[in-house]
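>
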Amino acid sequence: MATDHTKLMCFWLSFSISFIFIKLAQADNYIVQMDLSAMPKAFSGWQSWYVATLASSSANLEAKTRNSIFGFFTPSPFPAIFLEQKDGDSVVDYIKSNSDPKASIDFKITSLGTKPSPIVAISSSRVPSRSCPSVLKPAIMASGDLVLAAWPPNVGVACLNEDLVFSNFNLISGTSMACPHVSGVAALLKATYPDWSLAAIRSALMSTSNTIDNTGSPIKDMGANLKPARPLAMGAGHINPNKALHPGLMYDVIVEDYVNLLCALKFTAEQIKIITKSSPNNCSNPSLDLNYPSFIAYFNDKNAKSSSRTMKEFRRTMTHVGEGSSTYIATVTPIKGVKVTVEPDKLVFMAKNEKKIFKLSIERPSQTAEAVSFGHLTWEVIGGKHVVKSPIVATSYSLET
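Heads up: the sequence shown is residues -27 to -1, 1 to 374, going by mature numbering (1 follows the signal peptide of the UniProt record, and there is no 0).
1. For the putative contact between Asn213 and Ser182, defined by C-beta atoms under 8 Å, what is the C-beta separation to the nearest angstrom?
2. Suppose the cutoff is 7 Å on Cβ atoms and the five residues either side in sequence are ignored; what does the same chain contact list for Ala237 look like?
3. Is it buried or exposed for Asn326, if we count other Cβ within 10 angstroms and need 16 for buried?
4. Please classify Asp168: is it buried, with 16 or more other beta-carbons within 10 angstroms of its beta-carbon, or exposed?
5. Assuming the contact rule is C-beta atoms closer than 8 Å, Ile113 and Gly208 should be a hit. Round their C-beta distance to whole Å, please.
6. Go through the region 256 to 334 residue by residue and report every complete run of the beta strand (DSSP E) that reaches 3 residues or more, in order.
7. Could you check what DSSP says for Asn183 in three-state terms: helix, strand or coil?
8. If we require 3 or more residues per run, which beta strand (DSSP E) segments fall completely within the region 76 to 155?
9. Taking the alpha carbon of Gly357 as the point to measure from, which residue in Glu296, Thr165, Lys309, Tyr370 has its own alpha carbon closest?
10. Under 7 Å Cβ to Cβ from Leu235, same chain only, skipping five residues before and after it: list those, please.
11. When we look at the beta-carbon of His349 and count the other beta-carbons within 10 Å, is it buried (16 or more) or exposed?
12. For Thr188, which option in Ile355, Pro91, Phe142 has the closest C-alpha, if you only look at C-alpha atoms?
13. Does the region 132 to 148 come into contact with the region 291 to 305, if we say contact requires no fewer than three beta-carbon pairs (one atom in each stretch) closer than 8 Å?
14. What residue range is occupied by the uninterrupted beta strand (DSSP E) comprising Glu353?
15. Where does Leu205 sit, in a helix, a strand or coil, going by DSSP?
16. Go ahead and pull the three-state DSSP assignment for Asp194.
17. State the start and end residues of the unbroken alpha helix (DSSP H) segment that holds Thr249.
18. Using alpha carbons as the reference points, say which of Ile174, Val360, Asp225 lies closest to Thr292.
19. On a CA-only basis, which of His211, Asn141, Gly310, Cys256 is nearest Ser281? Give me that one, please.
20. Find out if the Cβ-Cβ distance for the pair Ser267, Ser156 is shorter than 7 Å.
Laid out in structure tokens, this is it:
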């Protein structure tokens, strides 16, 4: 899942400019130096450009050259600041008249506030998975909006005066950009813990992710008018590589668990053989309840009475990956109209790699006007820093429509 960046960055428009960002000590001030010698001649057709930043939601910005002063504005909540000629000679005229190939323009940017970040990108999906509805989608989110990425030099990045412009870099947005961030962290975890399974690495990433932004508030969703993001939009939260190195507990999955899930999803024996590359596969214990670091329950029985309540149960196995003995206590954030219970609500581990089982129950009215309700289950170690968090979703969405 793609999100905004959290640092000052440049927005390239078909050209390469060297940007140097210097954050002044104890202040939200930045000096941006633009090396004019890096600008190609094609740039002379432009009268304005963008400088993208998430430094603040509002800013008092002043840019000066020898001949020009430019005005800035921030189109909140979008991550951009617009730079346009205000008076005096244009940037183009300044570039064309300046004889010094190493000349530069200095911008002093003073931040007057903090812009909430990360924010769920507007392009993200926000509905349950149809192929595997019992597993919450997405799993996690990472930076994927306006990412400066390597680009094939023979593929145009933009059109300028009806001509293609080529570059070794391009600004790209989407899950294709968020995925490499997560893959890179997963590779680092695998290098650190070679014996961990891929499911264990996924658990470490999900259960240690952030659900709070840099302002101390719940992460917002641009696709929902900046309301708090639901797990259906951001999954477990925003990836936190440092915390993922020390998850404390994990939800691991073995091959048999995946086979039971495929059986419950009505895959044929031949299809399961192709997926698992093994035979035979035992379908005597099909189950949609995968040992996954999240919970999603569907309450869409149209024939149920309005006064009735329905309960969904989940069974999970936790593996202790910390050193020595530890005791974890469970807490659940209150969810309006939904009752969530955890049994037992205390897990005591005496040694590393020890496993414990718990049951989570979600009870809700069979019919309700609330399409999606959500909260979190948190396992917190006593006397330590480990916090293992999992999203909980109760929804009346029907996958048949």
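Cβ atoms here follow ideal geometry from the backbone N, Cα and C, with glycine treated the same way.
Put simply:
1. 6 Å
2. Pro259, Ser260, Leu261
3. exposed
4. exposed
5. Correct: roughly 5 Å between the Cβ atoms.
6. The region 256 to 334 contains these whole beta strand (DSSP E) runs: 268 to 271, 282 to 293, 299 to 305, 312 to 316, 319 to 322.
7. strand
8. Qualifying beta strand (DSSP E) stretches, in chain order: 77 to 84, 120 to 123, 129 to 133, 136 to 139, 142 to 145.
9. Glu296
10. Ile245, Ile248
11. buried
12. It is Pro91 whose Cα lies nearest to the Cα of Thr188.
13. no
14. 345 to 354
15. The answer is helix: DSSP assigns Leu205 an H, G or I state.
16. strand
17. 242 to 249
18. Asp225
19. Gly310
20. no
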